[in-house]
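These protein sequences, in sequence, are chains E and X. First residue of the first sequence? That's 1 in the working numbering, and the numbers climb one at a time after it. First residue of the second sequence? That's 1 in the working numbering, and the numbers climb one at a time after it.
There are 2 protein chains.
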Amino acid sequence: MGIADDLRALLSSEQVSTNRSVLEQHSRDESYHTPVLPDVVVYPRSTEDVVQVVRYASVRGIPVVPFGVGSGLEGHVVPVKRGISLDMMQMQRILEIRPKDFLVRVQPGVTRKRLNDQLRRYGLFFSVDPGADASLGGMTATNASGTTAVRYGTMKDNVRALTVVLASGEVIRTGSFAAKSSSGYNLTPLFVGSEGTLGIFTEITLRLFGIPEATVAGRAEFADIQHCGNAAVALITAGIPITRVELVDAPFIEAVNAFKQTHYAEVPTLFLEFSGSRESVEADSRMAQEILSDEGCRDLQFESDEHARNQLWEARHSSAYAFQHQHPGCGLLSTDVCVPLSELPGAITNAKRLIDEMKIPGAIVGHVGDGNFHVSVAVDPADADALRRIEQFNEQLVFHALRVGGTCTGEHGVGLGKRKYQEAEHGSSIQMMRGIKEFLDPGHILNPGKLIDEG
Amino acid sequence: MGIADDLRALLSSEQVSTNRSVLEQHSRDESYHTPVLPDVVVYPRSTEDVVQVVRYASVRGIPVVPFGVGSGLEGHVVPVKRGISLDMMQMQRILEIRPKDFLVRVQPGVTRKRLNDQLRRYGLFFSVDPGADASLGGMTATNASGTTAVRYGTMKDNVRALTVVLASGEVIRTGSFAAKSSSGYNLTPLFVGSEGTLGIFTEITLRLFGIPEATVAGRAEFADIQHCGNAAVALITAGIPITRVELVDAPFIEAVNAFKQTHYAEVPTLFLEFSGSRESVEADSRMAQEILSDEGCRDLQFESDEHARNQLWEARHSSAYAFQHQHPGCGLLSTDVCVPLSELPGAITNAKRLIDEMKIPGAIVGHVGDGNFHVSVAVDPADADALRRIEQFNEQLVFHALRVGGTCTGEHGVGLGKRKYQEAEHGSSIQMMRGIKEFLDPGHILNPGKLIDEG
Numbered sequence: 001m002g003i004a005d006d007l008r009a010l011l012s013s014e015q016v017s018t019n020r021s022v023l024e025q026h027s028r029d030e031s032y033h034t035p036v037l038p039d040v041v042v043y044p045r046s047t048e049d050v051v052q053v054v055r056y057a058s059v060r061g062i063p064v065v066p067f068g069v070g071s072g073l074e075g076h077v078v079p080v081k082r083g084i085s086l087d088m089m090q091m092q093r094i095l096e097i098r099p100k101d102f103l104v105r106v107q108p109g110v111t112r113k114r115l116n117d118q119l120r121r122y123g124l125f126f127s128v129d130p131g132a133d134a135s136l137g138g139m140t141a142t143n144a145s146g147t148t149a150v151r152y153g154t155m156k157d158n159v160r161a162l163t164v165v166l167a168s169g170e171v172i173r174t175g176s177f178a179a180k181s182s183s184g185y186n187l188t189p190l191f192v193g194s195e196g197t198l199g200i201f202t203e204i205t206l207r208l209f210g211i212p213e214a215t216v217a218g219r220a221e222f223a224d225i226q227h228c229g230n231a232a233v234a235l236i237t238a239g240i241p242i243t244r245v246e247l248v249d250a251p252f253i254e255a256v257n258a259f260k261q262t263h264y265a266e267v268p269t270l271f272l273e274f275s276g277s278r279e280s281v282e283a284d285s286r287m288a289q290e291i292l293s294d295e296g297c298r299d300l301q302f303e304s305d306e307h308a309r310n311q312l313w314e315a316r317h318s319s320a321y322a323f324q325h326q327h328p329g330c331g332l333l334s335t336d337v338c339v340p341l342s343e344l345p346g347a348i349t350n351a352k353r354l355i356d357e358m359k360i361p362g363a364i365v366g367h368v369g370d371g372n373f374h375v376s377v378a379v380d381p382a383d384a385d386a387l388r389r390i391e392q393f394n395e396q397l398v399f400h401a402l403r404v405g406g407t408c409t410g411e412h413g414v415g416l417g418k419r420k421y422q423e424a425e426h427g428s429s430i431q432m433m434r435g436i437k438e439f440l441d442p443g444h445i446l447n448p449g450k451l452i453d454e455g
Numbered sequence: 001m002g003i004a005d006d007l008r009a010l011l012s013s014e015q016v017s018t019n020r021s022v023l024e025q026h027s028r029d030e031s032y033h034t035p036v037l038p039d040v041v042v043y044p045r046s047t048e049d050v051v052q053v054v055r056y057a058s059v060r061g062i063p064v065v066p067f068g069v070g071s072g073l074e075g076h077v078v079p080v081k082r083g084i085s086l087d088m089m090q091m092q093r094i095l096e097i098r099p100k101d102f103l104v105r106v107q108p109g110v111t112r113k114r115l116n117d118q119l120r121r122y123g124l125f126f127s128v129d130p131g132a133d134a135s136l137g138g139m140t141a142t143n144a145s146g147t148t149a150v151r152y153g154t155m156k157d158n159v160r161a162l163t164v165v166l167a168s169g170e171v172i173r174t175g176s177f178a179a180k181s182s183s184g185y186n187l188t189p190l191f192v193g194s195e196g197t198l199g200i201f202t203e204i205t206l207r208l209f210g211i212p213e214a215t216v217a218g219r220a221e222f223a224d225i226q227h228c229g230n231a232a233v234a235l236i237t238a239g240i241p242i243t244r245v246e247l248v249d250a251p252f253i254e255a256v257n258a259f260k261q262t263h264y265a266e267v268p269t270l271f272l273e274f275s276g277s278r279e280s281v282e283a284d285s286r287m288a289q290e291i292l293s294d295e296g297c298r299d300l301q302f303e304s305d306e307h308a309r310n311q312l313w314e315a316r317h318s319s320a321y322a323f324q325h326q327h328p329g330c331g332l333l334s335t336d337v338c339v340p341l342s343e344l345p346g347a348i349t350n351a352k353r354l355i356d357e358m359k360i361p362g363a364i365v366g367h368v369g370d371g372n373f374h375v376s377v378a379v380d381p382a383d384a385d386a387l388r389r390i391e392q393f394n395e396q397l398v399f400h401a402l403r404v405g406g407t408c409t410g411e412h413g414v415g416l417g418k419r420k421y422q423e424a425e426h427g428s429s430i431q432m433m434r435g436i437k438e439f440l441d442p443g444h445i446l447n448p449g450k451l452i453d454e455g
């Protein structure tokens, strides 16, 4: 009997697949990393199902790789050692909405858009917005963030409690419904961002926010990317409680115009959002206007109508897809450094210079309020020379970020592509990370080969 | 040669003391827990000094208990197994202020008031305010919070990076200056709140905020504590971005009036603060006024003048001292449950009922915006019967909080007094906590007998 038959006997036959196209779907994410087929795809429906699968895999030393919607950008879900791809998307129940506590408890297969559809009637929303309609399990596993983190924080700031199946098959609960606690060790943030290497989440309790009374979005155009970066830093240091501030370089605007038939000026642009009470939004956007024109903004347009705002953010969010559309047959490599805000203009200027010098087919986009920016680069996986050059480029960005006190990944995670930077970034604390991994997963069955795992 | 002589040879003679009154100072904190004298008090001046002491202690299995200003409320610094009390207060340098990054890097012996004095010239402040002028090392060790956590978060939310000396004597750095990261495992929040049991902090990087343009404080009086609690919950659920909302029960107001010669009405009161731009503060306090009168507020007074505001918060902060002043010779036991906001009115009503039924000489004060409240109880340590009754009372509050999804300690920490609740609160995740402790401190030399350590 093979693994698939064993698992069919443990769960049910419709929860287990070895269909070729299903295996292929689970061999990759949206990145340039080389796909690897799992041996089998399993669809758990409950914590107990996950326990069964993990216990089975643990005894036999079979890798278990959790899978959400596959929208990751660093190969986290690629089953490099084959084994079981654990597709969490049938665990998609919203278990409990606690409007007065600003909390919701979900299964990991709920996607953020579906959650927000359900929350709207309560006047609440879940804030983390990485662009893709990712699963909340995947977002927890990578400590995702995105455009709204500058105001509402990352997943680490918004995951209140977890139910986790450990490699031993044991189920633990971390955190509580309380807004704060000094009891025991803080285990929840250790699991957030652990990329499936320490345990498998089966329930996630998330913090919610009230939908603001008023929201205004804006676009500010600049002559060059330096002025654009400086203006973003000036907005933040002035203390304006901005909801989003996104830098989009000219090549991205060109790609969006071609892809979405829009007519934005093809220059470096800041996409902005202010929200709060009507009075505060008015005051904030007035103050922003003054700062932006001091910083050389050439044109500034505000949109308060919901449709126009959605169109504007749709343009921002589609920029990566639009860019990829211009390069058919190519995969996407997205750099992801995050630097202290004071170092952002320098880091962006450095990236721009390297793009030119190294002839990188890339464009810059960034969550600049957090000091986080991406260079999206189209990669032909068959072109080894190009791939090597692009990886050298990424390495230069990463070592620049580390020199100025930053990190190799602000939000995409380590996965396969940033393992090589972990020693340089974390120094001797890497031994402590390895020790925690060894203690929790001595058999290296949980997403082997990712983050710092050598398994 | 004894421990003290060894340590004098390792460091310098003026960094080591066995003076009786120095040992007594380091035998206790502000709580009712029984003092225990350390064998020796050591004053490190650098990370290297800490490494020397820890290496020495590790080889010989001597306990090392970090000590700050001794303002803790749960006996964390009591050296229950004697050994070395490591007084961190000579490591009191502010190492680096990065105004554009809203960050500061400090040694652990810097106190929060001194830090804020230095930050004022930059228009910045460090937000966490537990009342006492605690050391930042101690605040990190207990995951302290206090009155402003409802707006700015707890220590866990505001510690960006740490330098930690592990039990092995190894020095690790966690986190970075970047506002967010998905690189490696999140070790920083694991150390925050670890109460000196996992490592000793020698550098702490903290997040800062800009001093708001305008601040208004207020006092809202109610006929009974139920209305007071309901009003606090109503303010939060209305989404008003309040900076502080503190419930102070009538007995505390009486104690403050006697202690500070003030003349506040001796009824359950909410102490409030709003801050932001002038416009937003005005809008917020107007909206709060409407909600408070709907909720039965009898009298509401706002103060925007800085002196009057300071006086008001001074009254709030001195309430515990004022209360203790009324009970000479007694220690203070402060309960510290934190419950989901929707459960707060029920939890406070329950506490009030138990105070009456069990004849507890206690009064309620709370950071009610977070669902966290304290019953301060005067305890005569010589009266074993009274102590037993008060501990039974605390136990009832804790088990009520756990039943409704809360925690036994919102901000004071576990220390000695709440170890007995750790199994009930954390269930099977306690094994993971013990495993992390074993891995990092196999000899149980770091603050033995605290949190979950059995050493």
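For each residue, glycine too, the CB sits at the ideal point set by N, CA and C. Predicted model only: the values in this text are computed from it and were never measured.
Straight-line spacing of the CA atoms in Gln-311/X and Asp-39/X works out to 42 Å. If you look at Ser-429/X, you'll find it in the alpha helix (DSSP H) that goes 429 to 440. Put simply, of Ile-3/E, Gly-229/E and Thr-335/E the residue whose alpha carbon is nearest the alpha carbon of Cys-297/E is Gly-229/E.
When DSSP states are grouped into helix, strand and coil, Thr-215/X belongs to the strand group. Under the three-state reduction of DSSP, Cys-297/E is assigned to coil, being neither helix nor strand.
Taking the CA atoms as reference points, Ser-182/E sits about 24 Å from Phe-271/X. At a beta-carbon threshold of 8 Å, the residues of chain E lying near Asn-372/X are Ala-178, Ala-179 and Lys-180, ordered along the chain.
Chain-ordered, the chain E residues with CB closer than 8 Å to the CB of Ala-283/X read Ser-277, Glu-279 and Ser-280. Residue Val-375/E holds the alpha-carbon nearest to the alpha-carbon of Ile-360/E among Arg-309/E, Gly-449/E and Val-375/E. Scanning chain E for C-beta atoms nearer than 7 Å to the C-beta of Asn-143/X yields Ser-182, reported in chain order. Inter-segment contact for the stretch 400 to 415 of chain X and the stretch 363 to 378 of chain X is present: three or more beta-carbon pairs are separated by less than 8 Å. For Val-53/X, there is no enclosing beta strand (DSSP E); the residue is found in the alpha helix (DSSP H) stretching over 47 to 60. Within the stretch 192 to 207 of chain E, Val-192, Gly-193 and Ser-194 place their CB atoms closer than 7 Å to a CB of chain X, listed in sequence order. Note that the stretch 411 to 430 of chain E touches the stretch 68 to 83 of chain E; at least 3 beta-carbon pairs, one per stretch, sit closer than 8 Å. In the DSSP assignment, Phe-209/E forms a beta bridge with Phe-125/E. Straight across, the Cα-Cα distance linking Gly-2/E with Asp-441/E is about 24 Å. If you look at Asn-310/X, you'll find it in the alpha helix (DSSP H) that goes 306 to 317. Closer than 9 Å at the C-beta level to chain X, one finds these residues of the stretch 426 to 437 of chain E: His-426, Gly-427, Ser-428, Ser-429, Ile-430, Gln-431, Met-432, Met-433, Gly-435, Ile-436 and Lys-437.
Taking 9 Å as the threshold, the shortest C-beta distance from Leu-272/X to chain E does not fall below it. Met-358/X counts as exposed, since fewer than 16 other beta carbons sit within 10 angstroms of its beta carbon. Taking the Cα positions, Ala-378/E is about 50 Å away from Val-339/X. Closer than 9 Å at the C-beta level to chain X, one finds these residues of the stretch 313 to 344 of chain E: Asp-336, Val-337, Cys-338, Val-339, Pro-340, Leu-341, Ser-342 and Glu-343. About 24 Å separates the CB atoms of Arg-207/X and Leu-73/X; that is not less than 8 Å, and the two are not in contact. Listed along chain X are Ser-181, Ser-182 and Ser-183, each with a C-beta nearer than 8 Å to that of Thr-409/E. Residue contact check for Asn-447/X against chain E: no CB pair falls below 9 Å. Assignment of Ala-238/E by DSSP, reduced to helix, strand and coil, places it in the coil class. Ile-211/X sits away from Leu-187/X, with the two beta carbons spaced by 9 Å or more. Residue environment analysis places Ala-265/X among the exposed positions, since fewer than 16 neighbouring C-beta atoms fall within 10 angstroms of its C-beta.
With respect to Gln-326/X, Ala-258/X sits close: the two C-beta atoms are nearer than 9 Å.
Interface criterion met: the Cβ of Thr-237/X is under 9 Å from a Cβ in chain E. Glu-96/E is bridged by DSSP to Arg-105/E.
At least 9 Å separates the beta-carbon of Thr-142/X from that of Ile-204/X. With the criterion set as a beta carbon lying under 8 Å from some beta carbon of chain X, the stretch 58 to 77 of chain E has no members that meet it. Pairwise C-beta distances place the stretch 184 to 200 of chain X out of contact with the stretch 247 to 263 of chain X, as fewer than three of them are shorter than 8 Å. Secondary structure at Pro-66/E: strand, using DSSP grouped into helix, strand and coil.
The secondary-structure analysis by DSSP pairs Thr-269/X across a beta bridge with Glu-221/X and Val-248/X.
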